[in-house]
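Let me begin by presenting the structure, written as structure tokens, before commenting on it.
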Amino acid sequence: MATEHPITAPDGTRTVVDEYLPTTAPGSAGATTDAGSAVLFLPALGVPIGYYTPLFEKAAARGIRIFGLEMRGRPRTSTTDMRKHDWGYATIIEQDIPAAFRQSPLGDVEHLSVVGHSLGGLLALSATGAGVLKPERIVTAGSGAAHYTTRDGAIPKLQRRLITPTAIAITKAVGYFPGDRLGFGDRQPKTMIGDWHREARTGRFEFANTDVDYEEALHHVEVPVLQVSFAGDTLVSPRAVDMLAARVGPVTPQRLHLGTDANDGRAWDHVRWPRQNADAVLDAMQSWAREHPVPTE
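Residue numbers in the sequence shown follow our numbering, run continuously in steps of one, and reach 322 at the last position.
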């Protein structure tokens, strides 16, 4: 069961951090982390943090202390009306993540790892390169570049190239992006969609409403990074993950592609993997983490 920690960002936005304590005591048989270690989990675009409860509970049963940040716009925040509220990637990095550390037990964690799903992985890498996050290792799951060249073939490339301009046009017409009706990303504000569109067009992070060059920040990630892709993921291809990995430095991210053999012969789903087969993903992440242990002093 999670402990909810309410937090308030500098602009007054209210959200929550859920904390899952290990159900296997650190240091006991079967435990995989020490008492001073924890994981911050950043979710995918439009996915409530509560969706990941099965994943978090399985992690806790393995002795992992894990925190999950509810993103703006989701049900447990004060910014669910996209016509009244607007934000982009930089707002989450510069306001919500620091508030989570100031106002929850995250601020007392000695050894931090960050796991990001899709958008969450982009935020983890960007925030770390900019110095907002200071983890000892990062894992991204299904996080990739948005550029149209991530697709194979002329028609898929054209389709990808048209997606974000179409999203921009819809957003301007409606006042927000109605992803709940379109089957992708749930409802999103105009600046978030604009940040996504610019990366899809240029292949670079050009976030609005910030003085920070977050593309340059990617070149200042100096901790071990594992980037995971999934066979059957129809939204983020292995090429998209590779293209993102090529933009990260000075560390060279390690790549892991989980095939259908790791999922009982089934294709992986971009959004549903935390409920589809969380154990297989946790196994892969923990195996890598054991090769990159956090300092003990």
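Note that CB positions come from ideal geometry on N, CA and C, so glycine has one too.
Give the C-beta separation of residue i and residue j to the nearest angstrom, bearing in mind that I take them to be a contact with Cβ-Cβ under 8 Å.
i: Leu-158; j: Ala-152; result: 4 Å
i: Gly-98; j: Arg-264; result: That belief does not hold up - the Cβ atoms of Gly-98 and Arg-264 are roughly 29 Å apart, past 8 Å.
i: Glu-119; j: Thr-235; result: 7 Å
i: Ser-103; j: Arg-39; result: 4 Å
i: Val-276; j: Pro-249; result: 7 Å
i: Asp-111; j: Thr-227; result: Actually they are not in contact, since the Cβ atoms of Asp-111 and Thr-227 sit about 21 Å apart, beyond 8 Å.
i: Pro-123; j: Glu-95; result: That pair is no contact at about 15 Å.
i: Val-64; j: Val-140; result: 6 Å
i: Asp-220; j: Gly-113; result: 5 Å
Taking residue i as the reference, give the member of the options with the closest Cα.
i: Val-164; options: Phe-66, Leu-70 and Phe-81; result: Phe-66
i: Ala-255; options: Thr-191, His-282 and Gly-154; result: The sequence shown places Phe at residue 255, not Ala. It is His-282 whose Cα lies nearest to the Cα of Phe-255.
i: Thr-49; options: Ala-27, Ala-84 and Pro-278; result: Ala-84
i: Pro-79; options: Asp-308, Ser-312 and Ala-303; result: Ala-303
i: Arg-127; options: Val-237, Ala-170, Val-41 and Tyr-45; result: Val-41
i: Pro-35; options: Asp-121, Glu-82, Pro-68 and Phe-81; result: Asp-121
i: Val-296; options: Ala-115, Ala-155, Leu-144 and Asp-43; result: Leu-144
i: Leu-269; options: Leu-307, Gly-284, Phe-230 and Asp-258; result: Phe-230
i: Asp-43; options: Glu-29, Gly-37 and Thr-33; result: Glu-29
i: Leu-150; options: Tyr-76, Val-134 and Gln-252; result: Gln-252
i: Gly-169; options: Tyr-45, Asp-258 and Ala-309; result: Asp-258
i: Arg-223; options: Thr-196, Ala-27, Asp-294 and Ala-171; result: Ala-171
i: Ala-115; options: Leu-137, Ile-218 and Phe-81; result: Ile-218
i: Ala-314; options: Arg-101, Pro-31, His-136 and Asp-294; result: His-136
i: Tyr-77; options: His-142, Arg-280 and Gly-208; result: His-142
Assign residue i to buried or exposed, taking buried as 16 or more other Cβ atoms, counted over all protein chains shown, within 10 Å of its Cβ.
i: Arg-108; result: exposed
i: Ala-194; result: exposed
i: Ala-54; result: Confidence at Ala-54 is low in this model, with a pLDDT of 47, below 50, so the placement of that residue should be treated as unreliable; the coordinate-derived value is given next. Classification for Ala-54: exposed.
i: Arg-291; result: exposed
i: Ala-271; result: exposed
i: Arg-300; result: exposed
i: Thr-105; result: exposed
i: Leu-183; result: exposed
i: Ala-179; result: exposed
i: Glu-247; result: exposed
i: Ala-69; result: buried
i: Gly-71; result: buried
i: Gly-154; result: buried
i: Pro-214; result: buried
i: Gly-210; result: buried
i: Met-26; result: exposed
i: Ala-242; result: buried
Under 8 Å: do the region 174-181 and the region 254-270 share three or more Cβ pairs, one atom per stretch? Three or more beta-carbon pairs drawn from the region 174-181 and the region 254-270 are found closer than 8 Å, and the two stretches are therefore classed as touching.
Can you check the region 66-134 for any alpha helix (DSSP H) of at least 4 residues that lies completely inside it and give the ranges in chain order? 78-86 and 122-128
I'd like the ranges of any beta strand (DSSP E) spanning at least 3 consecutive residues and lying wholly in the region 141-188. Whole beta strand (DSSP E) segments, 3+ residues: 162-166.
Inter-stretch contact at 8 Å, needing at least 3 Cβ pairs: the region 77-93 / the region 202-220: no
Contained beta strand (DSSP E) runs [length at least 3] in the region 213-277, N- to C-terminal order: 250-255
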